[in-house]
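Going down the list, the sequences are from chains Z and D. Using my numbering, count along the first sequence one by one with no gaps and you end on 84. Using my numbering, count along the second sequence one by one with no gaps and you end on 477. The block underneath contains the structure these notes are about, expressed in structure tokens.
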Amino acid sequence: MMNKQVRQLLAQYGSLPAALEDLGNDADLYAAGLSSHGSVQLMLALEDTFDVEFPDNLLNRKTFASISAIEAAVNGLVGERDAA
Amino acid sequence: MDLTLNASGADLLERARRVAAIAEKHADHVDAEGRFPREAVDALVSERLLSIQVPAELGGEDTGLPQIAEICTVLGQACAAAAMVFAMHHIKLSSLVSHGIDSAWHRSFMRQVVVDQLLLASATTEGGIGGNLRNSICAVSVEGDDCRLEKDATVISYGHYADAILITSRAHAEAASTDQVMTVFTRDQYTLERTHVWDTLGMRGTCSDGYLFKGQAPKEQILPKPFAEIAAQSMLATSHLLWGAVWYGIAVNAVTRAQAFVRAAARKSPGAPPPGALHLAEASSLLQLVKSSVVAGLERNEAAKADPELLSSMGFAVAMNNVKIGVSQTILTIINHALQITGIMGYKNGTPFSLGRHLRDAHSAQLMISNDRILANTSNLLLVHKQDTSLLG
Ligand SMILES: Cc1cc2nc3c(=O)[nH]c(=O)nc-3n(C[C@H](O)[C@H](O)[C@H](O)COP(=O)(O)OP(=O)(O)OC[C@H]3O[C@@H](n4cnc5c(N)ncnc54)[C@H](O)[C@@H]3O)c2cc1C
Numbered sequence: 001m002m003n004k005q006v007r008q009l010l011a012q013y014g015s016l017p018a019a020l021e022d023l024g025n026d027a028d029l030y031a032a033g034l035s036s037h038g039s040v041q042l043m044l045a046l047e048d049t050f051d052v053e054f055p056d057n058l059l060n061r062k063t064f065a066s067i068s069a070i071e072a073a074v075n076g077l078v079g080e081r082d083a084a
Numbered sequence: 085m086d087l088t089l090n091a092s093g094a095d096l097l098e099r100a101r102r103v104a105a106i107a108e109k110h111a112d113h114v115d116a117e118g119r120f121p122r123e124a125v126d127a128l129v130s131e132r133l134l135s136i137q138v139p140a141e142l143g144g145e146d147t148g149l150p151q152i153a154e155i156c157t158v159l160g161q162a163c164a165a166a167a168m169v170f171a172m173h174h175i176k177l178s179s180l181v182s183h184g185i186d187s188a189w190h191r192s193f194m195r196q197v198v199v200d201q202l203l204l205a206s207a208t209t210e211g212g213i214g215g216n217l218r219n220s221i222c223a224v225s226v227e228g229d230d231c232r233l234e235k236d237a238t239v240i241s242y243g244h245y246a247d248a249i250l251i252t253s254r255a256h257a258e259a260a261s262t263d264q265v266m267t268v269f270t271r272d273q274y275t276l277e278r279t280h281v282w283d284t285l286g287m288r289g290t291c292s293d294g295y296l297f298k299g300q301a302p303k304e305q306i307l308p309k310p311f312a313e314i315a316a317q318s319m320l321a322t323s324h325l326l327w328g329a330v331w332y333g334i335a336v337n338a339v340t341r342a343q344a345f346v347r348a349a350a351r352k353s354p355g356a357p358p359p360g361a362l363h364l365a366e367a368s369s370l371l372q373l374v375k376s377s378v379v380a381g382l383e384r385n386e387a388a389k390a391d392p393e394l395l396s397s398m399g400f401a402v403a404m405n406n407v408k409i410g411v412s413q414t415i416l417t418i419i420n421h422a423l424q425i426t427g428i429m430g431y432k433n434g435t436p437f438s439l440g441r442h443l444r445d446a447h448s449a450q451l452m453i454s455n456d457r458i459l460a461n462t463s464n465l466l467l468v469h470k471q472d473t474s475l476l477g
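Set out below in structure tokens:
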């Protein structure tokens, strides 16, 4: 479910040159062409969709390195939100 | 961060000052003729300042970025072109030191930099891409044990005089434009066919002609890390900080000349405040801002150095971009104050107060990776990065 949504947002906002279907969950998104502009647009979309806010310590390359990494970060933030 | 606090710092400073004295003598000729600052670079070689950043285990002196920046400032006050050559060389070396330390070829190359005092140049800018350094059109192709690369490199500072060029490209023929690598080619491994002549307003001595680059080398000369990481973790910050130190040096020398002018006027008419004194006070305040910005950037970089996550964080990128923007804009205002103070004596060439070279050299700062590009990048990051509201932290 989360995976599908993340993929959808990545397709919509990530401006990747490659087709997303061919991309594994652990594939390097930067190698696939994710730019800093694309990652910011994607982050804004994730914040909006999941009603979370990325704290500054997650604003680095690692967080957006792969689809799994994004999922893990968003899952963590959603968990924190629901616990609060 | 006082360089003279320890013996090795004081020694570095003395060596840098000897180079600066030579650079200063030839600065006007280098500028007028648009020629390579040969005397200054020879002096850098004989003072062995081209290898100070290399780790001691590889024969270097383990010198850190703050010390190298101080040398950039010393040289920048004498000859901005020579200072920029020194800065750009060390920016390239920082990529090797940070990202080539685990690779046998690059380790042995660093030893060679020490032994032969090799001068390293940079080719990121590409025809059709301009200063958008995180994109390439050209691609390196690996065949067997070798790699080949052809690049329309529209600006390579001192390309003709360099002993090696560190050059960016896509990682392979099918790679996305942002999937880049950086490769070291030594002088015997490439040809340069000149395509653009560097006849410019300022920074004329950097001899940044454009070339069609064609190289072939063993494939292990490709740096083992993606260029995205190299850019984020060493090159961008190092560039902005060392460039900033050179630019600060240009402004310092302009203010020094203006101050000498004001003091001479004050001596001529004791009691009456010399005209221009208020401009000098304003320039002094701005100069302090520039210095603080570069020093704070250097301190932040030292603090982040040990932590790759901090180095590739948005907050760090915003801070380094801000150093570049602030310094490159403010030095123009400072030098303009200096020109107001010195008047015709500053406007004319060949006087002790001449500022034409300073003003022309300083104008390159906004273009060297266009400020518009950097502002566009920062404004994108600020959509998500929260403003730092603290004073000290
Ligand atoms: C003294 C000096 C030495 C240099 N040495 C080297 C070197 O050794 N090696 C090297 O590779 N390069 C070098 N460069 C080149 C430099 O790093 C930049 O790549 C180059 O100055 C950019 O050239 P440009 O302005 O034509 O290109 P662009 O970056 O394409 O910019 C052209 C204009 O378009 C605008 N623009 C274009 N795209 C955007 C955008 N996306 N957002 C906002 N504005 C945009 C810019 O504001 C700019 O005015 C050097 C430059 C200088 C001044």
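By construction, the Cβ of each residue, glycine as well, lies at the ideal position given by its N, Cα and C atoms. Bear in mind that the values here come from a model prediction, so they are computed numbers and not experimental data.
At the C-beta level, D230(D) and P302(D) come within 8 Å of one another. In this model, V114(D) and E258(D) are separated by some 44 Å (Cα to Cα). At a C-beta separation below 7 Å, R61(Z) has these neighbours in chain D: A316, S396. Taking 8 Å as the CB threshold, F50(Z) stays off the interface with chain D. For G118(D) and L373(D), the gap between their C-alpha atoms comes out near 31 Å. Ranked by how close their Cα comes to the Cα of A361(D), the residues I314(D), R232(D), A422(D), F269(D) have A422(D) in first place.
Taking C-alpha positions only, C291(D) is separated from L23(Z) by approximately 44 Å. According to DSSP, residue pairing for M172(D) in a beta bridge does not occur. Check the Cα spacing between A246(D) and each of D272(D), H256(D), V224(D): the tightest is with D272(D). In terms of Cα proximity to I418(D), the closest of D472(D), H363(D), A344(D) is H363(D).
Scanning chain D for C-beta atoms nearer than 8 Å to the C-beta of A27(Z) yields nothing, as the closest lies near 12 Å away. DSSP places G440(D) in the helix class (H, G or I) of the three-state scheme. Considering only beta carbons, the part of the stretch 448–472 of chain D lying closer than 8 Å to chain Z consists of N461, N464, L465, L467, V468, H469, K470, in chain order. In this chain, the beta strand (DSSP E) harbouring R232(D) covers 230–237.
Scanning chain D for C-beta atoms nearer than 9 Å to the C-beta of F54(Z) yields V468, reported in chain order. Nearest Cα to A83(Z) within the set V52(Z), T63(Z), L59(Z): V52(Z). Counting along the chain, the unbroken alpha helix (DSSP H) around V40(Z) starts and ends at 36–50. Looking at the DSSP output, I334(D) sits in no beta bridge, so it has no partner there. Ligand 1 never approaches M266(D) closely enough for any of its heavy atoms to be under 7 Å from the residue's Cβ. For H256(D), the closest of S225(D), W282(D), A237(D) by C-alpha to C-alpha distance is S225(D).
The nearest non-hydrogen atom of ligand 1 is less than 7 Å from the C-beta of N216(D). If you keep only unbroken alpha helix (DSSP H) runs of at least 4 residues inside the stretch 237–279 of chain D, you get nothing at all. Sequence-distant partners of Q201(D) (beyond 5 residues in either direction) whose C-beta falls short of 7 Å from its own C-beta, in its chain, are V129, R132, L134, S135. Its Cα nearest to that of A153(D), the residue I175(D) stands out among I175(D), L142(D), S241(D), G211(D). Counting only residues of its own chain and dropping the five nearest sequence neighbours on each side, Q424(D) has a CB closer than 8 Å to the CB of G360, H363.
By the neighbour-count criterion, in which a residue is buried when 16 or more other Cβ atoms sit within 10 angstroms of its Cβ, K4(Z) is exposed. C-alpha of A321(D) to C-alpha of A350(D): approximately 42 Å in a straight line. Scanning its chain for C-beta atoms nearer than 6 Å, with the 5 sequence neighbours on each side dropped, one finds around N25(Z) the residues I67, S68, in chain order. In the three-state scheme derived from DSSP, where H, G and I count as helix and E and B as strand, Q5(Z) is classed as helix.
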